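A.B. asks: Below: one structure in structure tokens.
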Amino acid sequence: MLANLKSLEIVYCELAYLPQTLPFLNLTSLTHLDLSGNKFNSLVPTWLSNASSLEDIYFSDSLLIGRIPSLAFKNMCSLQTIDLSLNLLEGGLAELIDALADCSNSTIQMLSLYYNQLHDYIPDSLGRLTSLQSVDLPYNKLFGSIPASIGNLAKLERFLLMGNLMNGTIPESLWQLKELGDLWISDNQLHGVIRDVHLSRLVNLKYLGLSSSSKSLVFETSEDWSPPFNLIALQISDCQLGPSFPAWIATQTNLEYLFLKNTALSGTVPHSIWKLSVQLNFFDLSENQLEGNLPSMLMLRGPSGVMNLENNLFNGTLPRLRNIAKLSLKNNQLTGVMSTDLLGQLPDLKDLDLSGNMLYGNITRKWDAMEQLEYVDLSRNNLSGEIPEALCLLPSLRWLQLSNNDLYGEPCNCVTTFPLLQAIDLGENGFSGNVPRWRGDHLQEIRLHGNFFKGSLPTELCSLPFLHVLDLSQNHLSGPIPPCFGKMRGFTESFLASNRIFRIQFYGADFHMFKMELRVKGNPLIYDKNLPLIDFIDLSGNELSGKIPEQITNLSYLRGLNLSGNHISGYIPETIGLLQKLESLDLSNNALDGHIPQSLASITSLDHLNLSHNNLLGPIPTKNQFLTFNDPSIYEGNPGLCGIPLSKVCNPHKPNKDHHSDDDRGVSERMMLVISIVLGFIFGFWGVCGTLAIKKSWRDAYFGFLGI
Numbered sequence: 023m024l025a026n027l028k029s030l031e032i033v034y035c036e037l038a039y040l041p042q043t044l045p046f047l048n049l050t051s052l053t054h055l056d057l058s059g060n061k062f063n064s065l066v067p068t069w070l071s072n073a074s075s076l077e078d079i080y081f082s083d084s085l086l087i088g089r090i091p092s093l094a095f096k097n098m099c100s101l102q103t104i105d106l107s108l109n110l111l112e113g114g115l116a117e118l119i120d121a122l123a124d125c126s127n128s129t130i131q132m133l134s135l136y137y138n139q140l141h142d143y144i145p146d147s148l149g150r151l152t153s154l155q156s157v158d159l160p161y162n163k164l165f166g167s168i169p170a171s172i173g174n175l176a177k178l179e180r181f182l183l184m185g186n187l188m189n190g191t192i193p194e195s196l197w198q199l200k201e202l203g204d205l206w207i208s209d210n211q212l213h214g215v216i217r218d219v220h221l222s223r224l225v226n227l228k229y230l231g232l233s234s235s236s237k238s239l240v241f242e243t244s245e246d247w248s249p250p251f252n253l254i255a256l257q258i259s260d261c262q263l264g265p266s267f268p269a270w271i272a273t274q275t276n277l278e279y280l281f282l283k284n285t286a287l288s289g290t291v292p293h294s295i296w297k298l299s300v301q302l303n304f305f306d307l308s309e310n311q312l313e314g315n316l317p318s319m320l321m322l323r324g325p326s327g328v329m330n331l332e333n334n335l336f337n338g339t340l341p342r343l344r345n346i347a348k349l350s351l352k353n354n355q356l357t358g359v360m361s362t363d364l365l366g367q368l369p370d371l372k373d374l375d376l377s378g379n380m381l382y383g384n385i386t387r388k389w390d391a392m393e394q395l396e397y398v399d400l401s402r403n404n405l406s407g408e409i410p411e412a413l414c415l416l417p418s419l420r421w422l423q424l425s426n427n428d429l430y431g432e433p434c435n436c437v438t439t440f441p442l443l444q445a446i447d448l449g450e451n452g453f454s455g456n457v458p459r460w461r462g463d464h465l466q467e468i469r470l471h472g473n474f475f476k477g478s479l480p481t482e483l484c485s486l487p488f489l490h491v492l493d494l495s496q497n498h499l500s501g502p503i504p505p506c507f508g509k510m511r512g513f514t515e516s517f518l519a520s521n522r523i524f525r526i527q528f529y530g531a532d533f534h535m536f537k538m539e540l541r542v543k544g545n546p547l548i549y550d551k552n553l554p555l556i557d558f559i560d561l562s563g564n565e566l567s568g569k570i571p572e573q574i575t576n577l578s579y580l581r582g583l584n585l586s587g588n589h590i591s592g593y594i595p596e597t598i599g600l601l602q603k604l605e606s607l608d609l610s611n612n613a614l615d616g617h618i619p620q621s622l623a624s625i626t627s628l629d630h631l632n633l634s635h636n637n638l639l640g641p642i643p644t645k646n647q648f649l650t651f652n653d654p655s656i657y658e659g660n661p662g663l664c665g666i667p668l669s670k671v672c673n674p675h676k677p678n679k680d681h682h683s684d685d686d687r688g689v690s691e692r693m694m695l696v697i698s699i700v701l702g703f704i705f706g707f708w709g710v711c712g713t714l715a716i717k718k719s720w721r722d723a724y725f726g727f728l729g730i
């Protein structure tokens with residue numbers, strides 16, 4: 023009812039109600055409306071069109087849902103800005119654009135709908151919005167081709183379309199937009215050839231991003247081409263740019279961001295590009311076939327720089343490093359030792375990945391100044407010696423991966439609590455001693471596979487609240503599995519999944535993704551982005567003994583359990599059917615006896631099973647998943663088993679004398695209890711009363727004592 027109100031901003035106030043109708047709307051002077059950052063969880067209201075004086079509408083990040091109704095923007099010819107980004111809008115884009123195009127004198131300048139779920143084509147009517155300066159449509163589900171009518175948008179300065187399902191070729195009319203300074207149409211399914219004559223028309227271009235998920239974009243530029251623009255950011259990926267390095271890139275003296283990933287570049291990197299890199303904040307040449315020695319120093323512009331040269335053929339020794347916060351040189355052919363001053367000029371280093379090379383010698387001991395270092399991966403090299411104590415004591419360390427080297431000693435025993443560590447992989451080395459008794463409120467994945475650890479399983483593992491991957495396989499561990507393993511919260515509480523989703527969203531986009539090799543279903547698999555979603559325990563290939571603790575069936579979120587190759591005896595717990603999320607179970611090569619529990623057949627998610635080489639008896643279950651386990655090898659080495667898929671047929675009329683079910687054992691135990699009570703009564707009663715009846719002197723003394 024505020025007729026003179028011109029501007030209304032209620033931003034990030036956690037409003038939960040957005041009226042769909044306003045019968046007394048009198049906002050006749052309102053030109054600016056900003057309700058961003060709220061929690062409406064409702065449709066776009068149709069009463070917006072009644073506020074016909076509106077020029078700017080901002081509803082970003084407000085949990086708007088459903089389709090965009092054309093009625094909400096009908097006859098709104100004064101609109102200049104519409105921002106509906108970061109919502110859950112779906113359905114058509116055409117309804118909105120057609121409604122705006124119905125105004126013969128449309129003044130719309132900015133249209134922002136990125137990060138929604140729009141599933142539609144871009145209509146030709148977009149070309150009728152001739153005042154448009156900015157179109158932001160990234161990360162929806164838009165399909166079809168870019169309409170040729172886009173060439174009518176002579177004022178367009180910004181066009182963002184990455185992360186959709188667009189196909190076809192880029193229309194010639196797009197290259198006519200001389201005002202275009204920001205063009206990102208990467209991560210679609212576009213194809214065709216982009217020539218220097220196309221790019222030469224974009225004289226104001228500052229930001230350029232081009233790629234195709236179908237890898238079907240090809241760049242053809244002449245060697246002496248000199249662009250009319252000077253870019254600040256260039257991203258070309260997943261397409262054909264090489265084989266030779268385009269000379270024109272070195273002419274872009276204003277570049278701060280250079281991303282040339284998987285572009286079929288080969289040969290050596292020109293000196294002009296290495297020289298250019300010192301002015302960059304982001305430098306990525308990953309997943310090409312580039313070779314040769316790296317320069318004596320790798321250096322970026324500022325202390326927060328990111329450099330990614332992984333998955334190439336670079337050789338030679340490690341260069342000196344400066345002004346780099348995140349560095350990946352993994353999967354190259356680098357050799358030599360890690361010099362003591364390698365990290366001396368990197369006080370702001372956060373991520374370091376040198377994995378998959380041929381480095382040898384000891385790990386450098388100078389880690390003291392690396393207070394911000396979060397990620398260290400030196401795996402798959404030829405490093406030897408012990409882990410430096412300073413590396414284990416990094417205060418910000420989140421991920422430590424040193425697998426597949428020749429390291430030895432007792433690792434990180436100087437540490438009792440890792441304050442922030444989430445994952446540690448020390449597999450395939452020569453470490454010995456007891457399993458470290460690490461503690462930490464953030465530890466999620468521990469892999470010590472293929473070492474020489476001995477002794478018992480530490481009970482401290484049971485108190486790690488977020489642990490959901492534990493691989494201690496192929497060591498020399500002995501003793502029983504602690505019953506407290508059944509209390510590991512990371513395998514039992516669903517709310518922990520939210521912490522893992524956070525990790526996927528906020529760290530998954532980084533090129534430093536922690537990887538771990540696990541044998542979840544009998545074969546080694548590399549888990550990276552999906553590692554936070556695995557719930558797995560592998561204690562195989564040790565010398566563990568005792569029984570499978572009944573408490574382990576409390577781990578309701580356990581997806582994989584491998585206890586093969588130990589000395590575990592006794593029965594398989596009948597309560598194993600409680601593990602309803604179990605997908606893989608390997609209990610082979612132990613000393614288990616008794617029958618296969620019928621409850622195991624109730625786990626419908628189970629698709630990998632190995633019970634071979636034990637002392638199991640009786641019939642194999644024939645329900646549910648067991649109908650799919652038709653490989654006899656998963657039951658071999660159990661002479662007492664019978665039934666499909668084995669050739670030994672069970673005799674229904676001849677019960678197995680050696681077979682005892684849990685019910686039989688229960689009956690026997692109850693019978694023994696009754697017998698014990700009866701015998702105790704008999705011996706107790708007659709031991710006293712019988713003696714008094716036979717010996718008169720004892721009887722007189724007893725009754726005399728009682729005064730009878």
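Going by my numbering, the sequence shown opens with residue 23, and the numbers climb by one from there.
Here a beta-carbon is modelled for each residue, glycine too, at the ideal position from N, C-alpha and C.
In this text the structure is predicted, and so the values were computed from the model without any measurement.
Taking the beta strand (DSSP E) that Trp460 falls in, what are its first and last residues?
C.D. replies: Taken as a continuous stretch (DSSP letters only), Trp460 belongs to no beta strand (DSSP E), as it is neither H nor E.
A.B. asks: Quick one: what does DSSP say Asn426 is sitting in, helix, strand or coil?
C.D. replies: Of the three classes helix, strand and coil, the one that applies to Asn426 here is coil, per DSSP.
A.B. asks: Based on DSSP bridge pairs, tell me the residues matched to Phe181.
C.D. replies: According to DSSP, which records beta bridges pairwise, Phe181 is partnered with Val157 and Leu205.
A.B. asks: Mind checking who Asp373 pairs with in its DSSP beta bridge?
C.D. replies: Lys348 and Tyr397, per the DSSP bridge assignment.
A.B. asks: Pull up the distance between the alpha-carbon of Tyr529 and that of Cys261, whole angstroms please.
C.D. replies: The pLDDT assigned to Tyr529 is 48, lower than 50, so where the model puts this residue is not dependable, and the model offers no usable value.
A.B. asks: Based on Cα-Cα distance, which residue from Ser655, Thr514 and Leu419 lies nearest to Cys484?
C.D. replies: The option with the nearest alpha carbon to Cys484 is Thr514.
A.B. asks: In whole angstroms, what is the alpha-carbon distance linking Leu364 and Leu443?
C.D. replies: Going from the Cα of Leu364 to the Cα of Leu443 covers about 23 Å.
A.B. asks: Thr275 to Asn303, Cα distance in whole Å?
C.D. replies: Between Thr275 and Asn303, the C-alpha separation is close to 13 Å.
A.B. asks: Measuring straight from C-alpha to C-alpha, what distance separates Lys476 and Asp493?
C.D. replies: Those two C-alpha atoms are separated by around 14 Å.
A.B. asks: Are the beta-carbon atoms of Tyr229 and Leu205 separated by less than 8 Å?
C.D. replies: Yes, Cβ-Cβ distance for Tyr229 and Leu205 is below 8 Å.
A.B. asks: Going by DSSP, what residue range makes up the alpha helix (DSSP H) through Lys297?
C.D. replies: Counting along the chain, the alpha helix (DSSP H) containing Lys297 begins and ends at His293 to Ser299.
A.B. asks: Is DSSP giving Asn138 helix, strand or coil here?
C.D. replies: Correct three-state label for Asn138: coil.
A.B. asks: What separation, rounded to the nearest whole angstrom, lies between the Cα atoms of Asp680 and Leu479?
C.D. replies: At Asp680 the pLDDT is 40, less than 50, meaning the model places this residue with poor confidence; the figure from the coordinates comes in the next sentence. C-alpha separation (whole angstroms): 33 Å.
A.B. asks: Straight-line CA distance for Met749 to His54?
C.D. replies: The structure shown does not extend to residue 749, since the chain is modelled only from 23 to 730, so the question has no answer here.
A.B. asks: Mapping the DSSP letters down to three states, classify Asp218 as helix, strand or coil.
C.D. replies: Note: Asp218 maps to helix in three-state DSSP.
A.B. asks: Could you check what DSSP says for Asn404 in three-state terms: helix, strand or coil?
C.D. replies: Correct three-state label for Asn404: strand.
A.B. asks: Can you tell me the Cα-Cα spacing of Leu44 and Gly88, whole angstroms?
C.D. replies: Taking the straight line from one Cα to the other gives about 20 Å.
A.B. asks: Using a Cβ-based criterion (distance less than 7 Å to any ligand heavy atom), does Pro654 qualify as near the ligand NAP?
C.D. replies: With respect to small molecules bound, the structure shown includes none, and the ligand NAP cannot be examined in it.
A.B. asks: Per DSSP, which one or two residues make a beta bridge with Gly662?
C.D. replies: Its beta-bridge partners are Leu639.
A.B. asks: So, do the stretch 566-576 and the stretch 451-461 have three or more beta carbon pairs nearer to each other than 8 Å?
C.D. replies: No, the stretch 566-576 is not in contact with the stretch 451-461.
A.B. asks: Under 8 Å by Cβ, that's how I've got Leu287 and Asn310 pegged, so tell me the actual separation to the nearest angstrom.
C.D. replies: That belief holds up - the Cβ atoms of Leu287 and Asn310 are roughly 4 Å apart, short of 8 Å.
A.B. asks: Just to confirm the assignment, what range does the beta strand (DSSP E) spanning Ile119 have?
C.D. replies: Counting along the chain, Ile119 falls outside any beta strand (DSSP E), though it belongs to the alpha helix (DSSP H) covering Ala116 to Ala123.
A.B. asks: If we ignore side chains and look at the alpha-carbon of each, how far apart do Ser454 and Lys297 end up?
C.D. replies: Their backbone Cα atoms lie some 46 Å apart in a straight line.
A.B. asks: Among the candidates Ser235, His220, Val240 and Ser233, whose CA atom is the shortest distance from the CA of Ser248?
C.D. replies: Closest by alpha carbon: His220.
A.B. asks: Leaving out five residues before and five after Leu609 in sequence, what residues of the same chain have Cβ atoms less than 6 Å from its Cβ?
C.D. replies: Answer for Leu609: Leu585 and Leu633, listed in chain order.
A.B. asks: Is the beta carbon of Gly616 sitting closer than 8 Å to the one on Leu638?
C.D. replies: A contact, by the Cβ cut-off of 8 Å.
A.B. asks: Leaving out the 5 sequence neighbours to the left and right, which residues in its chain are closer than 6 Å to Glu396 when beta-carbon positions are compared?
C.D. replies: These residues qualify, in order along the chain: Lys372, Ser418 and Arg420.
A.B. asks: Can you name, in chain order, every residue of its own chain whose Cβ lies under 8 Å from the Cβ of His464, other than the five neighbours on each side?
C.D. replies: Taken in chain order, the residues that qualify are Arg420, Phe440, Pro441, Leu442, Leu443, Gln444 and Phe488.
A.B. asks: Among Asn427, Glu245 and Asn284, which residue has its Cα nearest to the Cα of His257?
C.D. replies: One point to set straight first is that residue 257 is Gln, not His, in the sequence displayed. Comparing Cα-Cα distances from Gln257 to each of Asn427, Glu245 and Asn284, the minimum goes to Asn284.
A.B. asks: Please report how far the alpha carbon of Leu148 lies from the alpha carbon of Ala121, in whole angstroms.
C.D. replies: Cα to Cα, the separation comes out at about 11 Å.
A.B. asks: Excluding sequence positions up to five away, which residues of its chain have a Cβ less than 6 Å from the Cβ of Leu561?
C.D. replies: Here the set comprises Leu494 and Leu585.
A.B. asks: Just list the residues that DSSP pairs Trp247 with in beta bridges.
C.D. replies: Answer is none; Trp247 lacks a bridge partner.
A.B. asks: Can you grab the Cα-Cα spacing for the pair Pro643 / Lys551, in whole Å?
C.D. replies: Distance between the alpha carbons of Pro643 and Lys551 is about 36 Å.
A.B. asks: With 16 other CB atoms within 10 Å as the buried threshold, where does Val328 fall?
C.D. replies: That one is buried.
A.B. asks: Mind checking Leu36: buried by the 16 CB within 10 Å criterion, or exposed?
C.D. replies: Leu is not the amino acid found at residue 36; the sequence shown has Glu there. When all chains shown are included, Glu36 counts as exposed.
A.B. asks: Taking the alpha carbon of Leu1 as the point to measure from, which residue in Thr362, Pro292, Leu282 and Met132 has its own alpha carbon closest?
C.D. replies: There is no way to answer for residue 1, as the model of the chain reaches only from 23 to 730.
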